[in-house]
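*Asks:* In the order they appear, the protein sequences are chains S and X. If you're matching positions, the first sequence starts at 1 in UniProt numbering and goes up one per residue. If you're matching positions, the second sequence starts at 1 in UniProt numbering and goes up one per residue. Let me give you the structure first, and then I'll get to my questions.
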Amino acid sequence: MTDQAYNFAYLDEQTKRMIRRAILKGLAIPGYQVPFASREMPMPYGWGTGGVQVSAAVLTPEDTLKVIDQGADDTTNAVSIRSFFERTAGVATTTATDEATVIQTRHRIPEVPLREGQILVYQVPIPEPLRFLEPRESETRKMHSLEEYGLMHVKLYEDISRHGHIATSYAYPVRVEGRYVMDPSPIPKFDNPKLGEMAAIQLFGAGREQRIYALPPYTQVVSLDFEDHPFEASKADQCCGLCGATDSYLDEVIVDDAGGRMFVCSDTDFCTARQAAGHRGQDAA
Amino acid sequence: MTAMDQITSTATNPAQATPLLSVRELSKRYGSHIGCTDISFDLYPGEVMGIVGESGSGKSTLLNCMAGHIAPDTGQVIFETRADGPRDTVTMSEPERRMLGRTDWAFVHQHARDGLRMGVSAGGNVGERLMAVGARHYGDIRAQATDWLDRVEIDPARIDDRPTTFSGGMQQRLQIARNLVTGPRLVFMDEPTGGLDVSVQARLLDLVRGLVRDMGLSAIIVTHDLAVVRLLADRLMVMKSGRVVEAGLTDQVLDDPQHAYSQLLVSSVLQV
């Protein structure tokens, strides 16, 4: 299956070594953004070039790969990255979360709890959580090194003053092991509690911004908040129309021109598995 | 004796007090050009020092050196810290200096835009320093921000408006509120009234004078406006070509200038 014109997993071995070094450094300093020499990949920026490079560096021929985009295995981004690695690495692929050893994800953490031995690779558009408040890179680096994170709370303050509650619903900033403030990539804040104490390794790759950061297994991750406005993991107040799940993150889907809508699990694997087990929601055919 | 009494008594009797800030032989060069050179003075708690001089005389260089924004070539800036007593802020580590910069020191820029976050609401601007030193209770932060807006005569109803919607004078007052909210002991002001029209200037000066007196602040005010120092400053330094040419009590220097340049400066003031 592997296209012999490419090295295993597309990148050459020297590049993979360089990326692995960055990953190891990231694991050693949880939450710290390690600069790396991001390569051009055969896909546009914003399509997961960072995640793909990290996946390529950690893949072995024995691995089983799963790729999700917003929780779904069957969207363009997920399908194209999966076929990319099928072709260039020849690894087995799957859509089942518990069968996969490497999971590349865009904007979601799977509903099924991950276990030791699995690696979750995130695609990150903007790794710097302070970026929209402080445009200077030299200054944000200094703020990270000196732990000056008051500015992050200014953002949350602005949210409350404008909306009455913390309205940031994705890319919700977290503090790792009481040290680095980290952008968890644009996952919904519903997923934030899963970041901490996770058994799997979590790797974050930002291709355009040339940064890699990581959370080793069982790392303490705390979502930032105010004492009188505590963090709350929120989701749509509905249950899945297909499988009836009440505890999964839901997508709202518009089904006709008359304002009809339904809510379905964003994690397609989780939803199909539940339906196969006989669970039915109100909109199930 | 309360802290406030101490401050007032030491201000009136500086001979007994330790200086809050001692500057010793401070020099800064830009290549062969002199920024400021050989500056030494003491500032006592509760005292307001004015620095006047023409454009390019090294006033702002001196102020930025003292506030740690630029590193001086030689000299010492010794600040009486709350925890460890006198410390040279030039050789202090950067985290310590930045910590001072957001607790015991305040810096009021000439252009409010340099000192404010224009994309953040007035309340967020005032609250930033509180959050930077660890305040994590939204209600408390907001209450303090409201209180401070009131103290600088900004309608607290505008707490959620951005500074871009404020007039120049209001922006300057907001900048002052944002700086004073953590109760600093030393305020650096760089031309605080520059670019404001006279009636707004008068109101701002009134406000600053009240705050300095109420909070027992020490301040160093750089300006080219002699009226500002006459109103605010206890002592005055006149600078020319990077050197201090005359120093003394404000009224003494302004009423009886000794140095030729000071005489020129005083006589150049337009009379209405």
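For every residue, glycine included, the Cβ atom is placed at its ideal position computed from N, Cα and C. Quick caveat, the model's predicted, so the values are computed rather than measured.
Does the beta carbon of arginine 141 of chain S come closer than 8 Å to any beta carbon on chain X?
*Replies:* Answer no: the Cβ-Cβ gap between arginine 141 of chain S and chain X never drops below 8 Å.
*Asks:* Since I believe valine 174 of chain S is in contact with leucine 195 of chain S (beta carbons under 8 Å), could you give me their beta-carbon distance rounded to a whole number of angstroms?
*Replies:* Right, their Cβ atoms sit about 6 Å apart.
*Asks:* Can you list, in chain order, the residues of the stretch 108-136 of chain X whose Cβ is nearer than 9 Å to any Cβ on chain S?
*Replies:* Listed by position along the chain: Arg117, Gly119, Val120, Ser121, Gly123, Gly124, Asn125, Gly127, Glu128, Arg129, Leu130, Met131, Ala132, Val133, Gly134, Ala135, Arg136.
*Asks:* Name the chain S residues whose beta carbon is nearer than 8 Å to that of aspartate 160 of chain X?
*Replies:* Under the 8 Å cutoff, chain S gives Ser161, Arg162.
*Asks:* Closest by CA to arginine 185 of chain X, which one among X/Trp148, X/Phe79, X/Arg113, X/Pro72?
*Replies:* Considering only alpha carbons, the answer is X/Phe79.
*Asks:* Any C-beta of chain S sitting closer than 8 Å to the C-beta of tyrosine 138 of chain X?
*Replies:* So, interface residue.
*Asks:* Please confirm whether isoleucine 221 of chain X has its beta-carbon closer than 8 Å to some beta-carbon of chain S.
*Replies:* No, isoleucine 221 of chain X does not count as interfacial toward chain S.
*Asks:* On a Cα-Cα basis, can you pick out the residue from X/Ala202, X/Thr146, X/Leu226, X/Met131 that is closest to glycine 53 of chain X?
*Replies:* For the residues X/Ala202, X/Thr146, X/Leu226, X/Met131, the minimum Cα distance to glycine 53 of chain X belongs to X/Leu226.
*Asks:* Just to confirm my understanding: we take leucine 250 of chain S, look at its own chain, exclude 5 residues before and 5 after, and list those with CB closer than 7 Å. What are they?
*Replies:* Same-chain partners within the cutoff: Lys235, Ala236, Gln238, Cys240, Phe263, Val264, Cys265, Ser266.
*Asks:* Can you list the residues of chain S that arginine 98 of chain X reaches, using a CB-CB cut of under 9 Å?
*Replies:* Near arginine 98 of chain X (Cβ distances below 9 Å), the residues of chain S are Lys142, Leu146, Glu148.
*Asks:* If tyrosine 170 of chain S and lysine 189 of chain S are in contact, beta carbons under 8 Å, what's the gap, nearest whole angstrom?
*Replies:* Their Cβ separation, rounded to whole angstroms, is 6 Å, which keeps tyrosine 170 of chain S and lysine 189 of chain S in contact under 8 Å.
*Asks:* If we define contact as Cβ-Cβ less than 8 Å, is leucine 34 of chain X a contact residue for chain S?
*Replies:* Note on residue identity: the sequence assigns isoleucine, not leucine, to residue 34 of chain X. Not one chain S Cβ lies under 8 Å of isoleucine 34 of chain X.
*Asks:* Determine whether the beta carbon atoms of alanine 57 of chain S and lysine 25 of chain S lie at a separation below 8 Å.
*Replies:* Going by C-beta atoms, alanine 57 of chain S is not nearer than 8 Å to lysine 25 of chain S.
*Asks:* With DSSP collapsed to three states, give me the class of alanine 202 of chain X.
*Replies:* Reduced to three states, the DSSP call for alanine 202 of chain X is helix.
*Asks:* Using the beta-carbon of each residue, which ones in chain X are nearer than 8 Å to glutamate 158 of chain S?
*Replies:* Going along chain X in sequence order, the residues near glutamate 158 of chain S (Cβ under 8 Å) are Val120, Ser121, Gly124.
*Asks:* Let's see if you can read the secondary structure: which residues bound the beta strand (DSSP E) around leucine 196 of chain X?
*Replies:* Note, leucine 196 of chain X: premise wrong, no beta strand (DSSP E); not H, not E.
*Asks:* Just to confirm, is the Cβ distance from threonine 223 of chain X to leucine 205 of chain X under 8 Å?
*Replies:* Contact: no.
*Asks:* Less than 8 Å between the beta carbons of arginine 108 of chain S and aspartate 191 of chain S, yes or no?
*Replies:* Yes, Cβ-Cβ distance for arginine 108 of chain S and aspartate 191 of chain S is below 8 Å.
*Asks:* Which of the three DSSP states, helix, strand or coil, is assigned to aspartate 66 of chain S?
*Replies:* Correcting the residue identity first, residue 66 of chain S is lysine in this sequence and not aspartate. In the structure shown, lysine 66 of chain S sits in a strand (DSSP, three-state: E or B).
*Asks:* Does valine 174 of chain S have its Cβ less than 8 Å from a Cβ in chain X?
*Replies:* So no, valine 174 of chain S is outside the interface.
*Asks:* Report the residue ranges of all alpha helix (DSSP H) runs contained in full by the stretch 104-148 of chain S; include only those spanning at least 4 residues, in chain order.
*Replies:* You should have 137-145.
*Asks:* Does any residue of chain S have a CB that is nearer than 8 Å to the CB of serine 9 of chain X?
*Replies:* In this prediction, serine 9 of chain X has a pLDDT of 45, which is less than 50 and means its spatial position is unreliable; what the coordinates show is noted afterwards. No, because no Cβ of chain S sits closer than 8 Å to the Cβ of serine 9 of chain X.
*Asks:* Classify tryptophan 105 of chain X as helix, strand or coil using the three-state DSSP reduction.
*Replies:* Here tryptophan 105 of chain X sits in strand by DSSP.
*Asks:* Excluding the 5 residues preceding and the 5 following valine 181 of chain X in the sequence, name in chain order all residues of the same chain whose CB lies nearer than 7 Å to its CB.
*Replies:* Hits under 7 Å: Val126, Arg129, Leu130, Gln144, Trp148.
*Asks:* DSSP beta-bridge partners for cysteine 36 of chain X?
*Replies:* Answer is X/Lys28, bridged to cysteine 36 of chain X.
*Asks:* Where does serine 223 of chain S land, buried or exposed, given buried means 16+ other C-beta within 10 angstroms?
*Replies:* So serine 223 of chain S ends up on the buried side.
*Asks:* Let me check one thing: in DSSP terms, what residues is aspartate 251 of chain S bridge-paired to?
*Replies:* Its beta-bridge partners are S/Val264.
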